[in-house]
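Asks: One structure, pasted below without further comment.
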Amino acid sequence: MNSGGETLTSAYTITMRKIKPATLPLELNFGKNFQAKSWQDTGDAYIGWAGVCLEQNSSGIPKITNLKHQLILSFSGEAKELSYAISFGAEKWPGENNFNVESSVDGLKWDILFQYNSSNPMAGSKASKEDKLKTLALKSNVRFVRFVFSQRLGGGFESLNNIIVK
Numbered sequence: 002m003n004s005g006g007e008t009l010t011s012a013y014t015i016t017m018r019k020i021k022p023a024t025l026p027l028e029l030n031f032g033k034n035f036q037a038k039s040w041q042d043t044g045d046a047y048i049g050w051a052g053v054c055l056e057q058n059s060s061g062i063p064k065i066t067n068l069k070h071q072l073i074l075s076f077s078g079e080a081k082e083l084s085y086a087i088s089f090g091a092e093k094w095p096g097e098n099n100f101n102v103e104s105s106v107d108g109l110k111w112d113i114l115f116q117y118n119s120s121n122p123m124a125g126s127k128a129s130k131e132d133k134l135k136t137l138a139l140k141s142n143v144r145f146v147r148f149v150f151s152q153r154l155g156g157g158f159e160s161l162n163n164i165i166v167k
């Protein structure tokens with residue numbers, strides 16, 4: 002109730018989407034046709050992944066720019082490895098940032114597969130293609146992977162592409 006005695010009400014629309022798991026191998030190669038803000042639950046274009054607060058660079062590659070912003074993968078079947086290309090949007094990784102690649106059996110409880118930090122800095126924007134590539138082993142029961150900041154104090158963003166789960 003406001004000061005004039007009127008009852009105030011608000012209506013909210015909350016849209017929930019469930020990621021449809023992809024069959025293996027799951028391959029994501031983003032480019033100019035990628036629309037970071039247009040994830041839909043229809044058609045085959047978005048099976049196996051969802052983005053939370055993603056942006057994109059001028060080449061159409063997803064950018065993860067802040068805490069809680071993330072890219073989540075979902076797949077059915079037993080995967081053995083994850084590979085991807087990732088780089089930081091500046092020449093040097095700020096040592097105070099922590100960026101996680103995490104895995105999950107159920108999409109609720111997450112374990113860190115790899116963390117980019119001061120001891121394991123992410124390749125900078127001018128690094129070679131080889132330096133941007135990373136391959137990680139997956140446990141047989143993993144069905145979800147996500148890319149997310151756990152601590153972000155320094156500037157810049159992460160560009161993520163050429164993701165393969167097989």
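This note's numbering applies: residue 2 is where the sequence shown begins, and numbers increase by one.
Yeah, the Cβ is synthetic: ideal placement off N, Cα and C, and Gly gets one too.
Could you tell me if Glu79 is buried or exposed, where buried requires 16 or more neighbouring beta carbons within 10 angstroms of its beta carbon?
Replies: Exposed: under 16 other Cβ atoms inside 10 Å.
Asks: Excluding the five sequence neighbours on either side, which residues of its own chain have a C-beta within less than 7 Å of the C-beta of Asn3, listed in chain order?
Replies: Correct list, in chain order: Leu9.
Asks: Write down the C-beta distance between Lys64 and Phe158 rounded to the nearest angstrom, noting that I regard them as a contact closer than 8 Å.
Replies: Indeed they touch by this definition, with Cβ atoms about 4 Å apart.
Asks: My guess is that Pro30 and Tyr85 are in contact by the Cβ rule of under 8 Å, so how many angstroms apart are they, rounded?
Replies: The sequence shown places Asn at residue 30, rather than the Pro named in the question. About 11 Å separates the two Cβ atoms, so there is no contact after all.
Asks: One question on the structure: do Phe100 and Phe150 come within less than 8 Å of each other, judged by their Cβ atoms?
Replies: A contact, by the Cβ cut-off of 8 Å.
Asks: For the stretch 122-129 against the stretch 56-70, are there 3 or more C-beta pairs whose distance is under 8 Å?
Replies: Segments in contact, no.
Asks: Could I get the ranges of all uninterrupted alpha helix (DSSP H) runs contained in the stretch 41-125, with 4 residues as the minimum, in chain order?
Replies: Those alpha helix (DSSP H) runs which fall completely within the stretch 41-125 and span 4+ residues do not exist here.
Asks: In terms of residues, what are the limits of the beta strand (DSSP E) holding Lys135?
Replies: Looking at the DSSP string, the run of the beta strand (DSSP E) that includes Lys135 is 134-138.
Asks: Please tell me whether Leu72 and Leu161 are closer than 8 Å, where the distance is taken between their beta carbons.
Replies: Contact: yes.
Asks: Quick check on Glu190: does DSSP put it in helix, strand or coil?
Replies: No answer is possible for residue 190: the residues shown for the chain start at 2 and end at 167.
Asks: Please report the distance separating the alpha-carbon of Pro122 from that of Asn98.
Replies: Straight-line Cα distance between these residues: approximately 9 Å.
Asks: Report all residues from its chain with a CB closer than 6 Å to the CB of Glu28; omit the five preceding and five following residues, and keep chain order.
Replies: Result list for Glu28: Ile165, in chain order.
Asks: Can you give me the C-alpha to C-alpha distance between Ser11 and Lys81, rounded to a whole angstrom?
Replies: For Ser11 and Lys81, the distance between alpha carbons rounds to 48 Å.
Asks: Just tell me which of Ile87, Glu7, Thr24 has its CA closest to the CA of Thr136.
Replies: For Thr136, the nearest C-alpha among the options comes from Ile87.
Asks: Please report the straight-line C-alpha distance between Ser77 and Val143, rounded to a whole angstrom.
Replies: Answer to the nearest angstrom: the Cα atoms are 9 Å apart.
Asks: With a cut-off of 8 Å on the beta carbons, I'd call Lys21 and Ile48 a contact; round off their distance for me.
Replies: Confirmed, Cβ separation roughly 5 Å.
Asks: Measure the CB-CB distance between Ser75 and Ala124 and report whether it falls below 8 Å.
Replies: Not a contact, by the Cβ cut-off of 8 Å.
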